[in-house]
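I have placed the structure first, in the form of structure tokens, so that the comments after it can refer back to it.
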Amino acid sequence: MQAHTDDLTTFFNLINSLSALIAELNVHQENARKKGLELYNLGSFRASEPYLTIAASAGDRPAQYALAEVLRRRQGSITEEAKKWYRLAAAQEDVYALLRLGDSESLDKVRELLPPRIEQGDGEAMLQMYELTKEITWLKKSANTRFPEALYILALQYDRDRSLVPEGQNPTDVIDLLLERAAHVNFPLAMNWYTNRQKVTTFPSLRREWLEKTAALNDLYGVLKYGFALGHGESGGDPEYGYKKNYPLSYALVWLVVNSAPEYQLHNSAALFLDDLGKAMSPQEIALALKVAQTWKDSHPPLSEHRLTYHGV
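In our numbering, the protein residues as written are 342 to 654.
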């Protein structure tokens, strides 16, 4: 009887150990997923790959699509390795993965998936139908739902080809309106563009307001622009935005970009700016700036490029 009890004890201990191991693996996979997607959104594609591979291998659909995108970007084309991950995401009905695959079977699946969502007024589904058909009517329908990416992409299309703007409407006014609507729902790409439109640049205080809103979302470009604007020289106010000098905050923001996004296209410019700024600051001011940087990091969402999900990338 004692032997039977000992066997049961050993069995239940084994079950508990396996449960703990599975829980530990799940935490590891979730941490890898979070880290991988943060790095991917930051544009740190090389750094994101090992983390995304862990999460994608565990069946996470966003990680599978992101990993395929990383591989596509690295090679400049859709390789067999990228296709493998697109197919796995597509098997979970990821529309963007199906569009990337682009074969007749995948596109037929997109045509099957989108209509029910469109009937429910899903703006993203309408944008995806535009990406499938390239019929601008679908892009306009999506924009009419105030779907942010569609508003921004329609502004892009009108800016590239003014003949697409409805007859009788002023292209500048139409583009401004689209960007304003997207900006007001905190879409950083639109906010950055809208900040540089004449409608806003005419009013420096309004321009500063939009820049600060974009930076508050921890948009990579917005944070860098804000940092640059605050780190002007001794000669007076920042000529572009009119900010007064604030070296600690300037250093903090640019430092965050330099240290968080080594693959960012403006990294070298940011690093040079930071080096020059540091030469004009005392060690105590730099120490304060690094504390400011940590406080900013702790109180804001992860830095991100906020790229478009599919269009033109």
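No residue lacks a Cβ here, since even glycine has one placed at the ideal position from N, Cα and C.
Check, Outcome
"Step through the CB atoms of chain B and report whether any lies within less than 8 angstroms of the CB of Asn372.", "Considering every chain present, this structure includes no chain B. It has just one protein chain."
"Determine the closest residue to Leu455 out of Asp444, Thr474, Leu442, with distance taken between C-alpha atoms.", "Thr474"
"Does the contact criterion of 3 or more C-beta pairs under 8 angstroms hold for the segment 560–573 versus the segment 531–544?", "yes"
"Suppose contacts are defined by Cβ-Cβ distances below 8 angstroms. Is Trp596 in contact with Leu615 by that definition?", "yes"
"I need the DSSP call for Ser389, collapsed to helix, strand or coil.", "helix"
"May I ask which residues mark the beginning and end of the alpha helix (DSSP H) holding Phe569?", "561–571"
"Which residue spans inside the segment 452–533 form an unbroken alpha helix (DSSP H) run of at least 4?", "464–474, 477–485, 489–501, 512–524"
"How about the segment 514–533 and the segment 596–608: do they share at least three Cβ pairs that are nearer than 8 angstroms?", "no"
"In or out: Leu362 buried (at least 16 other Cβ within 10 Å) or exposed?", "Any reading at Leu362 is ruled out, since the residue's pLDDT is 46, under 50, leaving its predicted position unreliable."
"Going by other Cβ atoms of all chains shown within 10 Å of its Cβ, with 16 needed for buried, is Arg503 buried or exposed?", "exposed"
"Output the distance between the C-alpha atoms of Leu412 and Lys376, rounded to the nearest integer angstrom.", "17 angstroms"
"Taking only heavy atoms of the ligand FMN into account, decide whether any of them is closer than 7 angstroms to the Cβ of Leu618.", "With respect to small molecules bound, the structure shown includes none, and the ligand FMN cannot be examined in it."
"Given Val541, which residues of its chain have a CB within under 8 angstroms of its CB, disregarding the five upstream and five downstream residues?", "Tyr535, Leu547, Arg548, Trp551"
"Thinking C-beta only, is Leu618 closer than 8 angstroms to Ser601?", "no"
"Considering only the alpha carbon of each residue, which of Leu530, Arg415, Glu472, Lys424 lies closest to Ala496?", "Leu530"
"Beta-carbon within less than 8 angstroms of Ser420's beta-carbon, same chain only, minus the 5 sequence neighbours each way: which residues are those?", "Checking the sequence, you will find Thr at residue 420 rather than Ser. Here the set comprises Leu412, Arg413."
"For Asp401, count neighbouring C-beta atoms within 10 Å of its own C-beta (all shown protein chains included) and say buried if the count is 16 or more, exposed if not.", "buried"
"Among the candidates Pro589, Ala570, Tyr588, Asn587, whose CA atom is the shortest distance from the CA of Glu581?", "Ala570"
"So is Asn559 buried or exposed if we call it buried at 16+ other beta carbons inside 10 Å?", "buried"
"If I'm right that Ala396 touches Ala409 with Cβ under 8 angstroms, what's the distance once you round it to whole angstroms?", "13 angstroms between Cβ atoms; not a contact."
"Given this structure, state the Cα-to-Cα distance separating Met532 from Ile494, to the nearest angstrom.", "13 angstroms"
"Please identify the residue among Glu472, Arg441, Ile627, Ala491 whose C-alpha is closest to the C-alpha of Phe528.", "Ala491"
"Which same chain residues end up closer than 8 angstroms to Leu359 when comparing Cβ atoms and leaving out the 5 residues on each side of it in sequence?", "Its pLDDT being 49, under 50, Leu359 is placed unreliably by the model, and nothing is read from it."
"Taking only three categories from DSSP, how would you classify Ser445?", "helix"
"What is the DSSP secondary structure of Ser623, reduced to helix, strand or coil?", "coil"
"Taking Cβ positions, are Ser445 and Met467 nearer each other than 8 angstroms?", "no"
"Would you report the Cα separation of Pro457 and Thr543, rounded to the nearest angstrom?", "45 angstroms"
"Which residues mark the beginning and the end of the alpha helix (DSSP H) in which Asn600 is found?", "588–601"
"Per DSSP, which one or two residues make a beta bridge with Ser645?", "Asp560"
"Give the DSSP-derived three-state secondary structure of Ser418 in the structure shown.", "coil"
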